[in-house]
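Only one structure is covered here, and it is reproduced in the block below.
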Amino acid sequence: MTPMGLNSTPFLKYRDINTDKIDLFEDAFGLNAQFNDITGLLKMVKAVPGKSLTNRVIRNIRKQIH
Amino acid sequence: MNKTTSDYELIQRFIKGEQSCFDQIIHRHKNKVFAYISLYIRDQALAEDLFQDTFMKVIQSVKAGKYQDNGKFISWVMRIAHNLIIDHFRRLKQMNTVSNDDYESDLFNSKKFSEATVEDNLIKRQIQKDVRKMISQLPDDQREVVILRHYAGLSFKEIADITDVSINTALGRMRYALINMRKLMEEKKISLTMN
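As they're listed, the protein sequences go chains A and B. In the working numbering, each residue carries its 1-based index in the first sequence increased by 910. In the working numbering, each residue carries its 1-based index in the second sequence increased by 730.
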């Protein structure tokens with residue numbers, strides 16, 4: 911017979927909760943929970959600099975340094 | 731140089747003469763900086779100029795010893811970008827030549843969906859275009875918070891610091907922005923459903 915308590919779910923400690931990638935203010939404000947439809951749409955858009963632009967910036971910065 | 735090298739360490743090595751360290755800094759942060767500037771400015775040519783100016787200014791400030799490490803290098807860079815944008819609009823205002831044209835450049839590189847059909851891609855492009863339009867229709871202060879949070883990946887604390895408002899104000903602006911975007915979404919009947 912298993913003693914009592916051995917099969918129970920262990921308690922989660924505060925330090926076990928990973929909040930590294932969570933903005934606690936945003937979370938507390940409930941923005942993600944209330945507007946996940948909009949934030950989902952926002953994720954569909956991506957603005958990234960082209961390779962040529964990045965290389966141009968690096969080239970110009972090197973010129974400025976020398 | 732590995733990916734875990736901190737920004738501060740890279741800067742220190744750059745100051746000592748390792749040029750490649752600044753290249754790495756640019757590669758590390760270019761997407762966030764460009765997303766912020768290009769989504770805010772909308773004029774691609776100007777956005778590209780400001781993107782370059784931001785890193786030039788970063789170099790000058792770093793060399794002048796103006797950067798104090800507090801582990802928030804990207805916030806500091808964003809503040810420089812923010813100030814350059816403000817300066818640009820100030821100059822425009824002084825010249826009284828604020829452009830009202832509806833210039834729209836194709837700044838958004840769509841995510842690649844290898845399995846997607848042509849039709850799916852067309853729908854996705856349309857949604858991206860609509861979302862871009864929705865963002866551009868927001869008031870400046872709301873648009874800025876949305877871009878800084880969702881495309882530059884800054885925390886509300888950092889956004890509040892950069893835009894010189896309280897965290898509550900930044901959160902409030904975001905709430906209004908999202909409410910406005912939902913209204914626009916309902917008006918335009920945009921949805922994530924693709925069928």
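Where a beta carbon is used, it is the ideal one built from N, C-alpha and C, also for glycine.
Coil, strand or helix - residue i by DSSP
| i | result |
| --- | --- |
| residue 794(B) | coil |
| residue 907(B) | helix |
| residue 957(A) | strand |
| residue 881(B) | coil |
| residue 746(B) | coil |
| residue 830(B) | In this predicted model, residue 830(B) has a pLDDT of only 43, less than 50, meaning its place in the structure is not dependable enough to derive any value. |
| residue 741(B) | helix |
| residue 899(B) | helix |
| residue 962(A) | helix |
| residue 923(A) | coil |
| residue 931(A) | coil |
Residue interval of the alpha helix (DSSP H) (run including residue i)
| i | result |
| --- | --- |
| residue 938(A) | 934-939 |
| residue 736(B) | Neither: residue 736(B) is in no alpha helix (DSSP H) and is coded neither H nor E. |
| residue 805(B) | 803-825 |
| residue 863(B) | 848-866 |
| residue 950(A) | 946-952 |
| residue 919(B) | No alpha helix (DSSP H) holds residue 919(B); DSSP gives it neither H nor E. |
| residue 887(B) | 886-893 |
Cβ neighbours of residue i in the same chain (closer than 7 Å, five flanking residues each side left out)
| i | result |
| --- | --- |
| residue 788(B) | 807, 810 |
| residue 766(B) | 808, 811, 877, 878, 881, 882 |
Sequence-distant residues of the same chain with beta carbon closer than 6 Å to residue i, five excluded per side
| i | result |
| --- | --- |
| residue 1002(B) | Here chain B covers residues 731 to 925 and nothing more, so residue 1002(B) does not appear. |
Beta-carbon proximity list for residue i, same chain, < 8 Å, skipping 5 on both sides
| i | result |
| --- | --- |
| residue 873(B) | 769, 770, 865, 866, 907 |
| residue 893(B) | 812, 871, 874, 875, 878, 900 |
Note down, one range per segment and in chain order, each beta strand (DSSP E) of at least 3 residues found wholly within the region 749-788 of chain B. none
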